[in-house]
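Some notes on the structure that comes next.
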Amino acid sequence: MKIIQTLLLALAFSSQVIAQQAPNLYSIPTPWERYSHYSITLRGGAGLPIGPMAENYIDKVSMDNYSVAVDWILQQPFSVGVEVSQSFFSKKLPRAIYNIEDQDVSAVQTRTLKQIPVQGVASYYFGTPNARIRPYVQLAAGASFVDYTLYYGNLATQEQAIKFTYGAAAGSRFLFKKDGSVGADLRVKYNQTPFDFDYLDRGIGQINATIGLFYRWW
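If you use mature numbering (1 follows the signal peptide of the UniProt record, and there is no 0), the sequence shown corresponds to residues -19 to -1, 1 to 199, in order.
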C-alpha cells in the first residue's frame, strides 16, 4: 500500500513539473501580434464645413462623404497607408439679383464644391493589434482634386485645380470578435486644403465624422 501511495505521489509531482515546463499555448502571441499585416477600411458619414468655407460659401452639413483606405500595420504600434476620399457640398440660395459681366441677372444661386483627395496616412495605435477596442490618431497629407462650381440658374462659374491637402484624425477600431478579421471603425478627421478663388479665398476646411468597416489579413 505504501508503495502505491509513493508511486501516486511521484506521478503527481512529475505531472506538475511537466506542466510547468510545457509552454502555455494561451500566452503565445497571435499572428496579428507576431507579424505585420494589412487592412482595408471603408468609411462614410457627415462632412461639416468650417472656417472661411462655412462663413463665405457653404455652411450646410453634407452626408455625401466617403473614403477607402489601405494600411500596412507594423509590429510596432504604427501603420502607414493610402486613403482616397470624396466629398461633395452644395447650398441653394433664394432667387436674387446678381451683377454678372456688368448685367443684372435674376437667378437662383447654387453653390457646389467637390473634392477628391489622395493622402498618405501615418497612424499611431493605443493597445495591442488584437485588442477588442483600439484607439488611434493619424496624420495625413497629399493632393486633392478640387471642383468649385457656382451656378446662377443655367450659367456657371467654375474653377478646377489640384491642390495640396493635409489633415489629422482621431478614432477607434472595434473588433467584432477576438482574433477576428472584421470590425467597425469610428473616426473624426480635420482636413484643410489651400484654395483661392471667388468666394473661397482662404482655403477649404472641413471636419468629417464617419463610421466604417475594416477587414484585416496577413
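Even glycine gets a Cβ: it sits at the ideal position worked out from N, Cα and C. Bear in mind that the values here come from a model prediction, so they are computed numbers and not experimental data.
Euclidean distance between Cα positions of residue i and residue j
i, j, result
"Gln67", "Asp45", "8 Å"
"Arg92", "Ile114", "40 Å"
"Gly161", "Ala121", "27 Å"
"Lys170", "Val102", "12 Å"
"Asp182", "Phe145", "15 Å"
"Ala150", "Val86", "43 Å"
"Pro10", "Ile188", "37 Å"
"Phe155", "Val163", "9 Å"
"Gly123", "Val61", "13 Å"
"Arg197", "Asn80", "55 Å"
"Tyr147", "Asn172", "6 Å"
"Thr109", "Asp52", "16 Å"
"Leu55", "Asp40", "39 Å"
"Ile31", "Tyr133", "24 Å"
"Glu36", "Gln57", "42 Å"
"Pro175", "Leu29", "17 Å"
"Asn135", "Gly184", "26 Å"
"residue 202", "Val63", "Nothing can be reported for residue 202, as the shown portion of the chain is limited to -19 through 199."
"Val118", "Gly186", "19 Å"
Cut-off 6 Å between Cβ atoms - residues of its own chain near residue i, not counting five sequence neighbours on either side
i, result
"Gln96", "Ser68, Ser125, Val127"
"Thr22", "Ala50, Asp166, Gly193, Phe195"
"Pro116", "Phe107, Ser153"
"Ile78", "Asp85, Ser87"
"Glu140", "Tyr129, Phe178"
"Ile72", "Note that residue 72 is Lys in the sequence shown, not Ile. Once the five neighbours on either side are set aside, the close Cβ partners of Lys72 are Ile39, Lys41, Arg92."
Extent of the continuous beta strand (DSSP E) to which residue i belongs
i, result
"Trp198", "185 to 198"
"Tyr171", "163 to 174"
Same chain only: Cβ atoms within 7 Å of residue i, ignoring 5 sequence neighbours per side
i, result
"Val65", "Ser48, Val49, Val99"
"Lys159", "Asn111, Arg113"
"Ala190", "Gly26, Ala27, Val169"
"residue 202", "Residue 202 is absent from the model: the chain starts at -19 and stops at 199."
Limits of the alpha helix (DSSP H) - the one that residue i falls within
i, result
"Thr116", "Looking at the sequence shown, residue 116 is not Thr but Pro. No alpha helix (DSSP H) contains Pro116, which is instead part of the beta strand (DSSP E) from 114 to 133."
"Pro12", "12 to 15"
Residues of its chain near residue i, where Cβ-Cβ distance is below 8 Å and the 5 sequence neighbours each way are ignored
i, result
"Trp199", "Pro12, Trp13, Tyr16, Ser17, His18, Tyr19"
"Leu74", "Val89, Gln90, Thr91, Arg92"
Residues that DSSP places opposite residue i in a beta bridge
i, result
"Ile21", "Val51, Tyr196"
"Ile143", "Phe126"
"Tyr106", "Tyr117"
"Phe155", "Ile114, Ala165"
_Sequence ranges, beta strand (DSSP E) only - wholly within the stretch 32 to 103, length at least 3_ = 46 to 54, 59 to 73, 77 to 81, 84 to 88
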